[in-house]
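Q: Dumping the structure here so I can ask a few things about it.
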Amino acid sequence: MPRAIISPSVLASDFGQLTAECKRMIKGGAEWLHMADPLSLIHAIHERKMKAGVAISPDTPSTAITDEVGEAADMLLVMTVYPGRGGQKFLERCVPKVAELRVRFPDKDIEVDGGVGPKTVDVCAEAGSNVIVAGTAIFNAPEPEQVIALLKRTVNDAQAKISSK
1 MPRAIISPSV LASDFGQLTA ECKRMIKGGA EWLHMADPLS LIHAIHERKM
51 KAGVAISPDT PSTAITDEVG EAADMLLVMT VYPGRGGQKF LERCVPKVAE
101 LRVRFPDKDI EVDGGVGPKT VDVCAEAGSN VIVAGTAIFN APEPEQVIAL
151 LKRTVNDAQA KISSK
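Start counting the sequence shown at 1; every next residue gets the next number (the UniProt record's numbering).
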């Protein structure tokens, strides 16, 4: 007989404190956390006057984000490394997903996260990403403000180029 597993639904949690809520449930004996279907979760987040994003990992195709989910979300995130550790090498094979999502959702914020910095931002921006997450590249830079300015300029230049087509 399978053992008992209790899986609290995150829909009942305080989304403003989601990490703490999840840790509290795990500490309290829960082994799993239940995530409802994405649309229910997005709507519950919006009801709490917060923004909702949907992320895909490097091995997940962009088509995993349905049109309905993509339209409901405020932001779409393409992970360009495997989640969990900073300083990983950028996975360029993830960039086509950005372009695919940009075609499907031309007015949506599309974010890339993982291994993004001055040497990799160009391909992300040219593919259509307008939100850049850069941790190591900024925090480990001798002059972070210069890296931030370069990343922003690269995205703005790519957007201007795309708009003029």
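Glycine included, each C-beta is placed from N, C-alpha and C at the ideal position.
Is it the case that the Cβ atoms of residue 81 and residue 114 are separated by a distance below 8 Å?
A: Position 81 of the sequence shown, counting from 1, holds the residue named residue 81. Position 114 of the sequence shown, counting from 1, holds the residue named residue 114. For residue 81 and residue 114, yes; Cβs fall inside 8 Å.
Q: Is the distance from the Cβ of residue 118 to the Cβ of residue 91 below 8 Å?
A: As a working mapping, residue 118 is identified with position 118 in the sequence shown. As a working mapping, residue 91 is identified with position 91 in the sequence shown. Cβ atoms of residue 118 and residue 91: not closer than 8 Å.
Q: For residue 164, count neighbouring C-beta atoms within 10 Å of its own C-beta (all shown protein chains included) and say buried if the count is 16 or more, exposed if not.
A: Here residue 164 corresponds to residue number 164 of the sequence shown, with the count starting at 1. Classification of residue 164: exposed, given that the 10 Å Cβ count is below 16.
Q: Distance check for residue 97 and residue 155, CA to CA, integer angstroms please.
A: Your numbering for residue 155 matches position 155 in the sequence shown. Your numbering for residue 97 matches position 97 in the sequence shown. When rounded, the distance between both Cα atoms is 17 Å.
Q: With DSSP run on the structure shown, which of helix, strand or coil describes residue 91?
A: In the sequence shown, residue 91 corresponds to position 91, counting from 1. If DSSP states are grouped into helix, strand and coil, residue 91 belongs with coil.
Q: Within the region 7-93, note down every full alpha helix (DSSP H) run reaching 4 residues or more, in order along the chain.
A: Fully enclosed alpha helix (DSSP H) runs of 4 or longer: 18-27, 38-47, 67-72.
Q: When the distance is taken between beta carbons, is residue 74 closer than 8 Å to residue 104?
A: Taking the sequence shown and counting its residues from 1, one reaches residue 104 at position 104. Taking the sequence shown and counting its residues from 1, one reaches residue 74 at position 74. Taking 8 Å as the Cβ cut-off, residue 104 and residue 74 do not qualify as a contacting pair.
Q: Hey, residue 30 and residue 8: beta-carbon distance below 8 Å or not?
A: Translated into positions along the sequence shown, residue 30 becomes position 30. Translated into positions along the sequence shown, residue 8 becomes position 8. Closer than 8 Å, so yes.
Q: Measure the C-alpha to C-alpha separation of residue 143 and residue 137 and round it to an integer number of angstroms.
A: Here residue 143 refers to the residue found at position 143 when the sequence shown is read from its first residue. Here residue 137 refers to the residue found at position 137 when the sequence shown is read from its first residue. Computed Cα separation, rounded: 10 Å.
Q: Under the rule that 16 or more other beta-carbon atoms within 10 Å means buried, what is residue 178, buried or exposed?
A: This structure cannot settle anything about residue 178, because the visible part of the chain is limited to 1 through 165.
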